[in-house]
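S.K.:
4 protein chains.
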Amino acid sequence: MTSQKIKEGDYVLIYLNPRKTYLVKVEAGKNFHTHKGFIKFDDLIGKGYGCTVKSNLDVKFVALKPLLRDYIMKSVRRTQINYPKDIALIVMFSGIGPGSCVVEAGTGTGALTTALAHYVQPKGKVYSYEIREEFLKVAEKNLKRAGLAEFVELKKGDVTAGIEEKDVDAVILDLATPWLVVPHAYDALKPCGTIVSFSPTIDQVVKTVEALKENGFVDIRTVECLMRQMQVERGKTRPQTLMTGHTGYITFARKATKTN
Amino acid sequence: MTSQKIKEGDYVLIYLNPRKTYLVKVEAGKNFHTHKGFIKFDDLIGKGYGCTVKSNLDVKFVALKPLLRDYIMKSVRRTQINYPKDIALIVMFSGIGPGSCVVEAGTGTGALTTALAHYVQPKGKVYSYEIREEFLKVAEKNLKRAGLAEFVELKKGDVTAGIEEKDVDAVILDLATPWLVVPHAYDALKPCGTIVSFSPTIDQVVKTVEALKENGFVDIRTVECLMRQMQVERGKTRPQTLMTGHTGYITFARKATKTN
Amino acid sequence: MTSQKIKEGDYVLIYLNPRKTYLVKVEAGKNFHTHKGFIKFDDLIGKGYGCTVKSNLDVKFVALKPLLRDYIMKSVRRTQINYPKDIALIVMFSGIGPGSCVVEAGTGTGALTTALAHYVQPKGKVYSYEIREEFLKVAEKNLKRAGLAEFVELKKGDVTAGIEEKDVDAVILDLATPWLVVPHAYDALKPCGTIVSFSPTIDQVVKTVEALKENGFVDIRTVECLMRQMQVERGKTRPQTLMTGHTGYITFARKATKTN
Amino acid sequence: MTSQKIKEGDYVLIYLNPRKTYLVKVEAGKNFHTHKGFIKFDDLIGKGYGCTVKSNLDVKFVALKPLLRDYIMKSVRRTQINYPKDIALIVMFSGIGPGSCVVEAGTGTGALTTALAHYVQPKGKVYSYEIREEFLKVAEKNLKRAGLAEFVELKKGDVTAGIEEKDVDAVILDLATPWLVVPHAYDALKPCGTIVSFSPTIDQVVKTVEALKENGFVDIRTVECLMRQMQVERGKTRPQTLMTGHTGYITFARKATKTN
Chain R
-3 MTSQKIKEGD YVLIYLNPRK TYLVKVEAGK NFHTHKGFIK FDDLIGKGYG CTVKSNLDVK
57 FVALKPLLRD YIMKSVRRTQ INYPKDIALI VMFSGIGPGS CVVEAGTGTG ALTTALAHYV
117 QPKGKVYSYE IREEFLKVAE KNLKRAGLAE FVELKKGDVT AGIEEKDVDA VILDLATPWL
177 VVPHAYDALK PCGTIVSFSP TIDQVVKTVE ALKENGFVDI RTVECLMRQM QVERGKTRPQ
237 TLMTGHTGYI TFARKATKTN
Chain E
-3 MTSQKIKEGD YVLIYLNPRK TYLVKVEAGK NFHTHKGFIK FDDLIGKGYG CTVKSNLDVK
57 FVALKPLLRD YIMKSVRRTQ INYPKDIALI VMFSGIGPGS CVVEAGTGTG ALTTALAHYV
117 QPKGKVYSYE IREEFLKVAE KNLKRAGLAE FVELKKGDVT AGIEEKDVDA VILDLATPWL
177 VVPHAYDALK PCGTIVSFSP TIDQVVKTVE ALKENGFVDI RTVECLMRQM QVERGKTRPQ
237 TLMTGHTGYI TFARKATKTN
Chain Y
-3 MTSQKIKEGD YVLIYLNPRK TYLVKVEAGK NFHTHKGFIK FDDLIGKGYG CTVKSNLDVK
57 FVALKPLLRD YIMKSVRRTQ INYPKDIALI VMFSGIGPGS CVVEAGTGTG ALTTALAHYV
117 QPKGKVYSYE IREEFLKVAE KNLKRAGLAE FVELKKGDVT AGIEEKDVDA VILDLATPWL
177 VVPHAYDALK PCGTIVSFSP TIDQVVKTVE ALKENGFVDI RTVECLMRQM QVERGKTRPQ
237 TLMTGHTGYI TFARKATKTN
Chain U
-3 MTSQKIKEGD YVLIYLNPRK TYLVKVEAGK NFHTHKGFIK FDDLIGKGYG CTVKSNLDVK
57 FVALKPLLRD YIMKSVRRTQ INYPKDIALI VMFSGIGPGS CVVEAGTGTG ALTTALAHYV
117 QPKGKVYSYE IREEFLKVAE KNLKRAGLAE FVELKKGDVT AGIEEKDVDA VILDLATPWL
177 VVPHAYDALK PCGTIVSFSP TIDQVVKTVE ALKENGFVDI RTVECLMRQM QVERGKTRPQ
237 TLMTGHTGYI TFARKATKTN
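Protein chains in written order, with the numbering used here: chain R, -3 to 256; chain E, -3 to 256; chain Y, -3 to 256; chain U, -3 to 256.
Here it is in structure tokens:
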């Protein structure tokens, strides 16, 4: 079996249990500290991904190769959180895939950007607008960590003032006033192109849906998604007590060609 | 704007409203009948996607280019339905993307297969096992319609007896006894590879989670996802009255390397 | 065991399975027809409640004594449906119990009225306002069937124009414009009295909450309740596929005394 | 308006906001301390319920008359929590009302007992079994505080060994092994009497439903209830981020008479 080896500079997901994982960069000669003791990176280098490693307190960890979902979960910090469930639905509704050309706004910390880049690579492109300089830096760092920076053009700019790209496959919005972007999205999209907007409040949804109706979009739908974790153990199986009750609403539409 | 033209042999999504859409093949000289009159395919050929067309009863339809989600929704007929929300989450959890190598079982009508092929193309591959000959035919037809058949190898065979592929990125299961496939999935997966199983009953989940624990998988999680549609109209906004209360549970895990 | 006997004129719940029950009045000499054959009422008269009876097609039915929930479920016909789950929460939030004095509007078919009467009897009273004459007749019939008519005063009148009662324990609203009733509810309630409003749309909720804040109410809360049925069978246990996704939002508040 | 006055020894709900309330006993000459300063009970005595009172830091509180829901919420401490939503549904499904005779087990801290007593008073009775002496003391205190102790007989005993009462209207179970009580419940119930069981795990539900089927119960249903709070503010309305994802399943059935 051709097992991939861990090497200096790799990002590794150090796994203790489903609630305790760490996304860390492997640095020779250094240690990684956890509440269950420290791990020597030198113990990892040259080992195969998926191997078990012990801390100095003899606690076992697994060194996993990070997945898209790990990069997403570890990207979100300071802004509005796009949970993996919402990102998964946004990607599905948008219809994008390898080779797609996508406009996104705002970039935020780049969690959604990372997912879009992951799915459109290697020939597609994500143009991601963000007005706040400090977020662009965080997003760039997160995209590099996930090895996806080359598929994204981070753009400092106000998407409510216009979108420079044309004939794009999808416009994905996660910002405070999506309805202001709707006319620009129409111009930027190719015919049958999709727009997907993520908003936490009902009021944003209503304004966005109205703008979509007025601007030539069809097949307008709004959904919300509730995800619940299960505790699975024979004789004790039950849904988990705590749950995220709301992240946001996802609104979808497609561009119809205007008839004269 | 470079608008793509509709041509003979294309699959087009004829859109009346979000609840009434038709996925049809364009055939010159023929008509497509709806409860709101018929549409002449000749009125579509040569027009740009996204155009509006009228039936003989003067009702307007939009001719849309089908998205992944449309192919999924129109694929499901006779078997267990994997709703787009579940497919979206399965894809996200699996970590797959362009270039991934995936084993799936069972194929069913190919709804999930279509999504997997869409995301791993053009260099990835889906190996999809199905024991029932008649489903393989339906799945093949659905994959061809979506233009994704070349990225899938449909295999008639019983996956509970073994998986032929090695070093795959993910094993995706939607069958009655996923726990019987878990040891084979472990052997087929590369280290850190993922397994994702979709099951309608709690009992299937419990058995699958037990098999995962016994077979060297870590980061085991089970979730269920509830999606609710909103009726959005200023002054009358509310969730829709009817909702799908349950499709199935999604169980995820990653392969850790066994230590001796 | 002192088993209660079924007698002429009683309302009996004829039970085939949880989805197929009939609330019928026992009439000597007559038959009750179902899709599984007919039952002779004479076979029931004199038997104990809870007994099994066979139709002429030899299908077994159970003759049950109706519960509050049965009267509620069989009352709802033509108007907005208050599901038992919502009625249960409305009653709980309102804080009412035996002896409480309650104002309700609108009466509708009397489903909620029936529940309120059930819980405030025998010394409490429900004053129920309804503007549509035809509903008052239906409600009266439903209340009589449940044996609770004497605890309710049905009033033909427009509650948005004012409430005649004073010092009531609770005002319960299920009508299109609850915010118009809020000032009248304040006047009608005794200090610390409660108001509970049931509304299907978000827009109604927002207007009602604003009116509550402006009119001296405190402890304002809005909730929605999703109830899901389970299919329970060893080896096949799962939530039911279909579910009611939305009935309405429940808004609750308490009257604080205005300070000068 | 006849406003009820606050007096020495009363329990008052000191309200700051929907998330910060205190259920306290009024004691002349003493103060009640909060994180927003202290309130002199002497400032409350003789005032009407619903009045506003200021702490020494000039923060306003409202002195509310406690409702059933307040007693329930403040009763739950050490054991399994029965949220008001579950208690509301249990009461509704049970069909009980003023005058009903109910057996409950286990008592726990008396939250559900308090609700049952509230609804069956003044002529009904609750017989509540509990095996753990220390809980009976807590429950007695909570029932006295709510003024409902006289309608409850707290019984130290193991309900899985048998129920002493006969011809009761309902048996309500919230304990680890409800299926062991099912045969005793059948004997204790009058014909058409109801049993309602609350259990956190699926496994408990399956065993209980099996016992119900084997012991002559009909109309067996299991539901779960999800309650979500809304943040209501014009322009910012949305469901709350955090939510209780699971408390327990509610199983309901009715006693049919066994036929020979």
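We treat Cβ as the ideally placed atom computed from N, Cα and C, and that holds for glycine.
Identify each residue in the region 183 to 215 of chain U for which the Cβ-Cβ distance to at least one residue of chain Y is less than 8 Å, and report them in chain order.
M.R.: Answer in chain order: 186, 187, 188, 190, 198, 201, 202, 205, 206, 214 and 215.
S.K.: So residue 192 (chain E) is in the beta strand (DSSP E); what residue range does that whole segment cover?
M.R.: Note, residue 192 (chain E): beta strand (DSSP E), 185 to 195.
S.K.: Can you tell me which residues form a DSSP beta bridge with residue 84 (chain Y)?
M.R.: Paired residue(s): none; residue 84 (chain Y) is not in a bridge.
S.K.: Which term fits residue 190 (chain R), buried or exposed, when burial requires 16 or more other beta carbons within 10 angstroms of its beta carbon?
M.R.: Buried is the call here.
S.K.: Taking buried to mean at least 16 other C-beta atoms within 10 Å of its own C-beta, is residue 156 (chain E) buried or exposed?
M.R.: Buried, by the Cβ-count rule.
S.K.: I think residue 165 (chain E) touches residue 96 (chain E), with their Cβ atoms under 8 Å apart; what is that distance to the nearest whole Å?
M.R.: With a Cβ gap of about 4 Å, residue 165 (chain E) and residue 96 (chain E) count as contacting.
S.K.: Tell me the DSSP secondary structure of residue 7 (chain E) in three-state form.
M.R.: Looking at residue 7 (chain E) - three-state DSSP - the assignment turns out to be strand.
S.K.: In angstroms, rounded to a whole number, what distance separates the CA positions of residue 128 (chain R) and residue 246 (chain R)?
M.R.: Taking the straight line from one Cα to the other gives about 23 Å.
S.K.: Is it right to say residue 222 (chain R) is buried, meaning 16 or more other beta carbons lie within 10 angstroms of its own, or is it exposed?
M.R.: Looking at its Cβ environment, which holds 16 or more other Cβ atoms inside 10 Å, residue 222 (chain R) is buried.
S.K.: Closer than 6 Å by C-beta to residue 134 (chain E): which residues in its own chain qualify, once you throw out the five before and the five after it? Chain order, please.
M.R.: Only 105 meet the Cβ criterion.
S.K.: Compute the distance between the beta-carbons of residue 139 (chain R) and residue 113 (chain R), then report whether it is under 8 Å.
M.R.: Contact flag set, yes.
S.K.: If we cut at 8 Å on Cβ distances, does residue 180 (chain U) have a partner in chain Y?
M.R.: Judged by the 8 Å Cβ criterion, residue 180 (chain U) is not in contact with chain Y.
S.K.: Run through the DSSP bridge pairs and tell me what residue 59 (chain R) is partnered with.
M.R.: Bridge partners of residue 59 (chain R): R:10.
S.K.: Considering only residues of the same chain and omitting the five flanking positions on each side of residue 26 (chain U), which have a CB-CB separation below 6 Å?
M.R.: Result list for residue 26 (chain U): 37, in chain order.
S.K.: Name the chain U residues whose beta carbon is nearer than 8 Å to that of residue 146 (chain Y)?
M.R.: In chain order: nothing, as chain U lies at least about 13 Å away.
S.K.: Is residue 10 (chain R) closer than 8 Å to residue 99 (chain R) when the C-beta atoms are compared?
M.R.: Cβ atoms of residue 99 (chain R) and residue 10 (chain R): not closer than 8 Å.
S.K.: Return the first residue and the last residue of the beta strand (DSSP E) that residue 21 (chain U) is part of.
M.R.: Run containing residue 21 (chain U): 16 to 21, per the beta strand (DSSP E) assignment.
S.K.: Under three-state DSSP, which class holds residue 26 (chain E)?
M.R.: It is coil, neither helix nor strand.
S.K.: Quick one: residues in its chain with C-beta nearer than 7 Å to the C-beta of residue 205 (chain Y), no 5 flanking neighbours on either side, listed in chain order?
M.R.: Counting only Cβ-Cβ distances below 7 Å, and skipping sequence neighbours, we find 216, 218 and 247.
S.K.: Among R:151, R:209 and R:143, which residue has its Cα nearest to the Cα of residue 132 (chain R)?
M.R.: Residue 132 (chain R) has its Cα closest to that of R:151, out of R:151, R:209 and R:143.
S.K.: If you check the beta carbons only, do residue 2 (chain U) and residue 43 (chain U) fall under 8 Å apart?
M.R.: Yes.
S.K.: Tell me where the alpha helix (DSSP H) around residue 113 (chain U) begins and ends.
M.R.: From DSSP, the alpha helix (DSSP H) with residue 113 (chain U) extends over 107 to 116.
S.K.: When you compare the CB positions of residue 111 (chain E) and residue 87 (chain E), do they come within less than 8 Å of one another, or not?
M.R.: In contact: residue 111 (chain E) and residue 87 (chain E) (Cβ atoms closer than 8 Å).
S.K.: Just list the alpha helix (DSSP H) runs in the region 163 to 250 of chain U, keeping only unbroken ones of 4 residues or longer that don't cross its boundaries, in chain order.
M.R.: As far as the region 163 to 250 of chain U is concerned, its whole alpha helix (DSSP H) runs of at least 4 residues are 178 to 184 and 198 to 210.
S.K.: Would you mind telling me which residues of chain U sit closer than 7 Å to residue 234 (chain R), beta carbon to beta carbon, in chain order?
M.R.: Going along chain U in sequence order, the residues near residue 234 (chain R) (Cβ under 7 Å) are 196, 197, 198 and 242.
S.K.: Are the C-beta atoms of residue 97 (chain E) and some chain R residue less than 8 Å apart?
M.R.: Not an interface residue.
S.K.: Chain U beta carbons: is any one of them nearer than 8 Å to that of residue 345 (chain Y)?
M.R.: The question about residue 345 (chain Y) has no answer, for chain Y in this structure spans -3 to 256.
S.K.: Classify residue 29 (chain U) as buried or exposed, calling it buried when 16 or more other Cβ atoms lie within 10 Å of its own Cβ.
M.R.: The residue in question, residue 29 (chain U), is exposed, as its Cβ has fewer than 16 Cβ neighbours within 10 Å.
S.K.: Determine, for residue 58 (chain R), whether the minimum Cβ-Cβ distance to residues of chain E falls below 8 Å.
M.R.: It does; some Cβ of chain E falls within 8 Å.
S.K.: Once DSSP output is grouped into helix, strand and coil, what is the label at residue 125 (chain E)?
M.R.: It is a strand residue.
S.K.: Measuring CB to CB, does residue 13 (chain R) end up less than 8 Å from residue 34 (chain R)?
M.R.: No, Cβ-Cβ distance for residue 13 (chain R) and residue 34 (chain R) is not below 8 Å.
S.K.: Buried or exposed: residue 82 (chain Y), going by 16 or more other Cβ atoms within 10 Å of its Cβ?
M.R.: Buried is the call here.
S.K.: DSSP on residue 254 (chain U), reduced to helix/strand/coil?
M.R.: Note: residue 254 (chain U) maps to coil in three-state DSSP.
S.K.: At a CB-CB cut-off below 9 Å, which residues of chain Y make contact with residue 239 (chain E)?
M.R.: Under the 9 Å cutoff, chain Y gives 222, 238, 239, 240, 241 and 242.
S.K.: Is DSSP giving residue 156 (chain E) helix, strand or coil here?
M.R.: Helix.
S.K.: Taking the continuous beta strand (DSSP E) assigned at residue 119 (chain U), which residues delimit it?
M.R.: No beta strand (DSSP E) holds residue 119 (chain U); DSSP gives it neither H nor E.
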